[in-house]
Amino acid sequence: MTRTTSELSPPSPNFRTIPTGGRSERMETTKDYYLDNVVCKGLYFDGRKDSTLIEEKVDTKRYTRKAKEEHLCLIEELGSHNITHLSPSFGTAKQISATIIGYFEGITRDLSQFLEIGCDGTSVNTGWKYGVIRCLELKLGKPLQWVICLLHFNEHLL
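Here it is as structure tokens:
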């Protein structure tokens, strides 16, 4: 007796069974399909201050200068998918959270689908009163699971 692949073992979430019309069935990789249709569970972000070249126009001349600029990287989990890079005008918690919220409202994506939020353990991100995570929780109206990287915390102990 010949058994099909679906009878042998349950399929992995990265594969699906596609009937070909005959007795045999083939397995097709559908990692992208799977990740596109799964509700995202976590939002992770990290910020960094970089020196950026800025061009200034004075009368008819143009000058370039270096300026410190805050940059954010947003990543969604399941699948570690890079969402975007953002540049808030300031590095304060209210400005960073407003930039993240504004981005998701601009692409008409629901922020309430996230169940967890992750970042490093700096006080701007994890402040109990006005940290980025707390501002996002107040905007969503629900508590989130905090996933905090403790590498910066461990540096202070040395």
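For the sequence shown, position 11 (counting from the first letter as 1) is numbered 8 according to this note's numbering, and the numbering increases by one without interruption.
Beta carbons: idealized from backbone N, C-alpha and C, even for Gly.
In the DSSP assignment, find the beta strand (DSSP E) that holds residue 60 and state where it starts and stops. 58 to 74
How would you call residue 51, buried or exposed, if buried means at least 16 neighbouring beta carbons within 10 angstroms? exposed
Figure out for me which residue from 81, 89, 90, 94 has the closest Cα to the Cα of residue 104. 81
Taking only three categories from DSSP, how would you classify residue 87? coil
So, is residue 122 buried or exposed, given that buried needs 16 or more other C-beta atoms within 10 angstroms? buried
Going by other Cβ atoms of all chains shown within 10 Å of its Cβ, with 16 needed for buried, is residue 135 buried or exposed? exposed
Kindly indicate which three-state DSSP category residue 127 falls into: helix, strand or coil? coil
Please report the straight-line C-alpha distance between residue 127 and residue 53, rounded to a whole angstrom. 34 Å
Report buried or exposed for residue 56, applying the criterion of at least 16 other Cβ atoms within 10 angstroms of its Cβ. exposed
For the beta strand (DSSP E) holding residue 40, just list the boundary residues, first then last. 39 to 55
Considering Cα atoms alone, identify which of 115, 133, 97 is closest to residue 86. 97
Would you identify the three-state DSSP class for residue 105, choosing helix, strand or coil? coil
So, residue 90 versus residue 124, is the Cβ gap smaller than 9 Å? yes
Close beta carbons around residue 47, own chain, < 7 Å, minus the five adjacent residues each side: 66, 68
Coarse secondary structure for residue 118, derived from DSSP in three states: coil
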